[in-house]
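Colleague: Supplied in structure tokens, the structure appears directly below.
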Amino acid sequence: MHDKKIKNIIFDLDGTLLDSASDIYVCVNHILKKYNLKTVDIEIIKNNIGHGAKYLIENILAYSFELSNKKDNISSLYDSFFKDYLEYYAYYSANNSKLYEGILDGIKELHNKKYNMFILTNKPHNVTIATIDCVGIAPYFVEIIGAGKYEHYKPSIELWNLLSKKHNLGQTDTIMVGDGIPDYQFAYTSGCHLCMVLYGITKKEDLLALNAKKYADTFDEVLHHIYHLA
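Residue numbers for the sequence shown follow our numbering, beginning at 9 and rising by one.
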């Protein structure tokens, strides 16, 4: 397998490996209730996943404030709300979250074939580690990178520069697999290969509008694409 074209695979987490929207939905609404704010439906949550917890909470707070007809200063609430959300989510991040169909077997197969695999997510790093430990896939990855582990966040080219240097990743032998706009942007700016999955959290029509070179409806199709590039 040393002559395969793709040697390194960078996976997004939420919406790519992990069906986590229900846990994020429950945790966000739990904190909204704590602050006597209107709860939001799961589609609103899904529309704001992928860009990091700060982006999620800023947008959900603004939306809930509008629903609740609140007139006070939202900025005065943000810090304490964000802190409470992170603490609560750290405990309940894998309460209902589960790997998508075919993920565990596929990850094991890739590991056995000696691919170097990474998780790169904008989910807070401590929550990322707690979640991955719960679903049991941590041993298969060379490195797991959540938001805050390094200074830069996906899709920053500085993050690619750091990881490519640390792990000797090349543009032609690395593929990004994800379901979000930041995944597309990360692959585009870094110049590595890309496979966008359509079974995840981001709306399918939004992903198709990007006109990426490769899409996958299942994880089996992701594997086929990786092997096809070999």
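Glycine residues also receive a C-beta, built at the ideal position from the N, C-alpha and C atoms.
1. Who are PHE126's beta bridge partners in DSSP?
2. Ignore the nearest five residues each way along the sequence and tell me which others in LEU45's own chain have a CB closer than 6 Å to its CB.
3. Helix, strand or coil for HIS38 per DSSP?
4. In terms of DSSP beta bridges, what is VAL185 paired with?
5. From which residue to which residue does the alpha helix (DSSP H) around GLY114 run?
6. Can you give the Cα-Cα distance for ASN37 and THR180, rounded to whole angstroms?
7. Cutting at 6 Å between CB atoms, please list the residues of its own chain near SER30, excluding the five before and the five after it.
8. Tell me whether TYR223 sits in a helix, a strand or coil according to DSSP, three-state version.
9. Near LYS42, what residues of its chain come up, given a Cβ to Cβ distance below 8 Å and the 5 sequence neighbours on each side ignored?
10. In terms of DSSP beta bridges, what is ASP27 paired with?
11. At the level of alpha carbons, what is the spacing between ILE17 and GLY144?
12. Do GLY58 and GLY188 have their beta-carbon atoms positioned less than 8 Å apart in this structure?
Modeller: With the given structure in hand:
1. Bridge pairing for PHE126: ILE18, GLU151 [DSSP].
2. Hits under 6 Å: SER72, SER76.
3. Collapsing the DSSP output to three states places HIS38 in a helix.
4. According to DSSP, VAL185 bridges with PHE19, CYS203.
5. Segment 111–120, the alpha helix (DSSP H) holding GLY114.
6. The C-alpha of THR180 is placed about 42 Å away from the C-alpha of ASN37.
7. Excluding residues within five positions, the ones whose Cβ falls inside 6 Å are ASN104.
8. In the three-state scheme derived from DSSP, where H, G and I count as helix and E and B as strand, TYR223 is classed as strand.
9. Excluding positions up to five away in sequence, the list reads ASP92.
10. The partner list for ASP27 (beta bridge, DSSP) reads LYS106.
11. Rounded to whole angstroms, ILE17 to GLY144 spans 18 Å at the Cα level.
12. For GLY188 and GLY58, yes; Cβs fall inside 8 Å.
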